[in-house]
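What follows is a short report on a single structure.
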Amino acid sequence: NGEPLTLLKETCRAIAASLRDGDVVSMVTWGADASVVLAGHEVGGPNDSTLVSSIDAIDISGPSDNLSAGLAVGYDLAAGTYDADRLNRVVLVSDGDATLEPGDLQLISSRAGPDGENGIYLVGVGVAGNDTYADGLMEDVTEEGRGASVLISDADEAWTVFNHRFVNTLAVAARHIELRLDLPPGFELMPLGGAEYDPYPQEDDQQDLAPNDAMVFHERIGTCVPELVDENSEITVTAYYRDLVTF
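Those letters in the sequence shown? Residues 726 to 972, by the working numbering.
So, in structure tokens, the structure goes:
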């Protein structure tokens, strides 16, 4: 209720303003049960009147919070309008207080598709003040859903993320990115509270990148045999990724 509901609507309005003629939108709310507000609605362009009216009419429906039903219905609607030549996304908006049930993460992961190919990614949107938002829910669902996790703490942020940076937030530029680091004899990675690494890359979690996005890895490298270090000591960094279209 209150500010989170206001931010939810502002987020949805920013999305509505970013759509193009022919884009297809479904909308589901959840309280005690999931309620389909729109199903496979083809918009006529930015700020489609039917979509905007549906956003304005969203209200709380009681204390129950059946997120599982909302996710199941939302994914079914997304699957019903799936188009391999388009971006297919589920956008989950919550104040972070929703509770995941057994099987929810499995549902999200399975709909993301095998290895993320031709799947329906999930974008998680937290709507709350910076001091009150519990981010555990969005971290969990977006890790399985392979999409972005964002916090919307005011109206300006809603329009920055879902209008000015609409493509950055919803699209993918490169999939399954891995970095391989080959060190000279005697060198090793030093403990650092940053990104994890694995000496067995086949067991490592892979990352996707959005357009104009960046990831920075900061690693400390040390050696127990400094006498082996000379100008010929080479450190090689190799980046692997899957093409967005051809995989």
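Every residue, glycine too, gets a C-beta built ideally from N, C-alpha and C.
Here the structure is a predicted model, which is why all the values come from computation and not from measurement.
For a quick check, are the C-beta atoms of residue i and residue j less than 8 Å apart?
i, j, result
"Ser874", "Thr867", "yes"
"Leu895", "Val962", "no"
"His901", "Arg967", "yes"
"Ala898", "Ala935", "yes"
"Asn821", "Leu862", "In the sequence on display, residue 821 carries Gly and not Asn. Cβ atoms of Gly821 and Leu862: closer than 8 Å."
"Trp755", "Gly795", "yes"
"Ala742", "Asn888", "yes"
"Ala764", "Leu802", "yes"
"Tyr800", "Leu832", "yes"
"Arg871", "Tyr846", "yes"
"Glu826", "Ser779", "no"
Could you tell me which of the options sits nearest to residue i, measuring between CA atoms?
i, options, result
"Thr824", "Leu733, Asp790 and Thr806", "Asp790"
"Pro729", "Val850, Val954, Gly799 and Met752", "Val850"
"Ala939", "Leu796, Asn893 and Leu832", "Asn893"
"Asp781", "Pro909, Leu732, Tyr800 and Ile960", "Leu732"
"Gln932", "Glu869, Gly765, Val818 and Ile833", "Glu869"
"Gly838", "Ala809, Phe891, Tyr925 and Ser819", "Ala809"
"Ile740", "Val886, Asp865 and Ala797", "Val886"
"Leu744", "Val753, Arg890 and Glu864", "Arg890"
"Phe912", "Ala797, Asp923, Pro951 and Ser834", "Pro951"
"Ile946", "Thr971, Tyr922, Tyr965 and Leu876", "Tyr922"
"Glu864", "Val941, Leu830, Tyr965 and Ala797", "Leu830"
"Phe942", "Glu956, Val753, Ala964 and Asp955", "Ala964"
"Val798", "Ser834, Val753, Trp884 and Asn957", "Val753"
"Ser819", "Thr971, Leu876 and Pro924", "Leu876"
Give the C-beta separation of residue i and residue j to the nearest angstrom, bearing in mind that I take them to be a contact with Cβ-Cβ under 8 Å.
i, j, result
"Lys734", "Ile783", "6 Å"
"Gly844", "Arg836", "6 Å"
"Arg738", "Val768", "With a Cβ gap of about 13 Å, Arg738 and Val768 do not count as contacting."
"Val852", "Thr948", "Not quite, the Cβ-Cβ distance comes to about 48 Å (not below 8 Å), so this is no contact."
"Pro916", "Leu953", "Their Cβ separation, rounded to whole angstroms, is 21 Å, which puts Pro916 and Leu953 out of contact at 8 Å."
"Glu944", "Leu914", "6 Å"
So, is the C-beta of residue i closer than 8 Å to a C-beta in chain B?
i, result
"Val897", "Although the question refers to chain B, the structure presented lacks it and comprises just one protein chain."
Checklist entry - Any chance the segment 758 to 766 sits against the segment 896 to 913, with 3 or more Cβ pairs inside 8 Å? => result no
Checklist entry - Where are the beta strand (DSSP E) runs, 3 residues long or more, that stay fully inside the segment 834 to 915, in chain order? => result 846 to 852, 871 to 877, 899 to 907 and 912 to 914
Item to check | Inside the segment 788 to 821 only - alpha helix (DSSP H) runs reaching at least 4 residues | outcome: 792 to 805
Item to check | Start-end ranges of the beta strand (DSSP E) lying completely within the segment 730 to 795, minimum 3 residues | outcome: 749 to 755 and 759 to 767
Checklist entry - Touch check for the segment 740 to 759 and the segment 771 to 779: three-plus C-beta pairs under 8 Å? => result A contact exists between the segment 740 to 759 and the segment 771 to 779.
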